[in-house]
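Residue numbers (the working numbering): 1232 to 1540.
Where is the CB? At the ideal position from N, CA and C, for every residue including glycine.
Quick caveat, the model's predicted, so the values are computed rather than measured.
In structure tokens:
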């Protein structure tokens, strides 16, 4: 199942290519860090009108008319941008177009991004730029204004579940993983490659069913790093979603927690409190994304959930 092939970003670029109105520079925004580079290469193949051989070489990062920066796992600095610019004015070797792909632009410091501005504004003929970023906030406004935006935030829960069932047929919790991943395939892959979610989901539900002011410090200490906190917050949201659905008698369960634990959560919180708690989790996730203090953020969240009862 090739979900990206049918994504809006791919359709937009394909339409531009077929209509002969390609932009000289595109900014592909996608929060899926695990798949960003691969999808950038697939977009580059469309931009260049690549045949099967060229597609394979682009995927292997050894096609002469498609330069990809930086090396995998590295950050592009001023030196890397300068090396790219030195190659911009050399004519294509195999076709009529030449593409320069910049991965993880959100990690580039301002001096490196600024060095791109002139060539983005006045590129040589038949030279195209494809920039990729997991978020736009650290991409300079001057860079964004010189590019056409392509965006893929997530896939639907149904699409993600179907994709998981095809790629990981042995997993029996594809529905829960799809819900927990938020439609981000890289996150879904990581979850599917790990252990069963059942125990973690049950622990998250038990936390909500027993949380007290005195227990907040222990709950905060249970999250040793931001990755663990992000996973817990996602599981808490699924538990709250199911508890609200149980109260209202609607919807399909998405959490892998046991039904009796979900029932205790539903009986402990009113509908308004369950909605409020989900909103507070969203705020906490946003704060953590912007490097808020982890213990303080979690303490505020747990206290807020209890206050909303």
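Beta-carbon spacing of residue i, residue j below 9 Å
{"i": "residue 1253", "j": "residue 1359", "result": "yes"}
{"i": "residue 1261", "j": "residue 1383", "result": "yes"}
{"i": "residue 1279", "j": "residue 1381", "result": "no"}
{"i": "residue 1345", "j": "residue 1373", "result": "yes"}
{"i": "residue 1270", "j": "residue 1300", "result": "no"}
{"i": "residue 1529", "j": "residue 1436", "result": "no"}
{"i": "residue 1361", "j": "residue 1332", "result": "yes"}
{"i": "residue 1486", "j": "residue 1413", "result": "no"}
{"i": "residue 1442", "j": "residue 1454", "result": "no"}
{"i": "residue 1268", "j": "residue 1363", "result": "yes"}
{"i": "residue 1309", "j": "residue 1343", "result": "yes"}
{"i": "residue 1263", "j": "residue 1417", "result": "yes"}
{"i": "residue 1504", "j": "residue 1540", "result": "yes"}
{"i": "residue 1500", "j": "residue 1508", "result": "yes"}
{"i": "residue 1241", "j": "residue 1273", "result": "yes"}
{"i": "residue 1326", "j": "residue 1285", "result": "yes"}
{"i": "residue 1314", "j": "residue 1338", "result": "no"}
Beta-bridge partners of residue i, as assigned by DSSP
{"i": "residue 1359", "result": "1330"}
{"i": "residue 1299", "result": "1332"}
{"i": "residue 1364", "result": "1260"}
{"i": "residue 1381", "result": "1259"}
Pick from the options that is closest to residue i, judged by C-alpha positions
{"i": "residue 1335", "options": "1477, 1288, 1302 and 1501", "result": "1302"}
{"i": "residue 1410", "options": "1444, 1397, 1506 and 1390", "result": "1390"}
{"i": "residue 1399", "options": "1415, 1388, 1421 and 1378", "result": "1421"}
{"i": "residue 1498", "options": "1417, 1354, 1331 and 1475", "result": "1475"}
{"i": "residue 1341", "options": "1350, 1392 and 1369", "result": "1369"}
{"i": "residue 1527", "options": "1450, 1364, 1241 and 1392", "result": "1450"}
{"i": "residue 1456", "options": "1338, 1277, 1317 and 1520", "result": "1520"}
{"i": "residue 1467", "options": "1480, 1501, 1510 and 1444", "result": "1510"}
{"i": "residue 1536", "options": "1444, 1488 and 1458", "result": "1444"}
{"i": "residue 1522", "options": "1469, 1504, 1458 and 1534", "result": "1458"}
{"i": "residue 1469", "options": "1500, 1491, 1407 and 1386", "result": "1407"}
{"i": "residue 1317", "options": "1272, 1347, 1274 and 1478", "result": "1347"}
{"i": "residue 1376", "options": "1479, 1311, 1286 and 1349", "result": "1349"}
{"i": "residue 1388", "options": "1397, 1401 and 1405", "result": "1405"}
{"i": "residue 1328", "options": "1394, 1266, 1339 and 1298", "result": "1298"}
{"i": "residue 1172", "options": "1294, 1289, 1238 and 1266", "result": "An answer regarding residue 1172 cannot be provided, because it is not within the stretch 1232 to 1540 covered by the chain."}
{"i": "residue 1293", "options": "1237, 1330 and 1322", "result": "1330"}
{"i": "residue 1322", "options": "1311, 1291 and 1356", "result": "1356"}
{"i": "residue 1385", "options": "1397, 1402 and 1365", "result": "1365"}
Integer Cβ distance of residue i from residue j, believed to fall under 8 Å
{"i": "residue 1461", "j": "residue 1525", "result": "Not quite, the Cβ-Cβ distance comes to about 10 Å (not below 8 Å), so this is no contact."}
{"i": "residue 1506", "j": "residue 1440", "result": "Actually they do not touch by this definition, with Cβ atoms about 18 Å apart."}
{"i": "residue 1533", "j": "residue 1447", "result": "5 Å"}
{"i": "residue 1256", "j": "residue 1371", "result": "About 13 Å; that fails the 8 Å criterion."}
{"i": "residue 1195", "j": "residue 1484", "result": "Shown here, the chain extends from 1232 to 1540; a query on residue 1195 therefore has no answer."}
Any non-hydrogen atom of the ligand COA closer than 8 Å to residue i Cβ
{"i": "residue 1530", "result": "This structure does not include the ligand COA; it has no bound ligands of any sort."}
Three or more beta-carbon pairs under 8 Å between the segment 1417-1432 and the segment 1510-1521, yes or no? no
Any contact of the segment 1430-1448 with the segment 1281-1288, i.e. 3+ C-beta pairs under 8 Å? no
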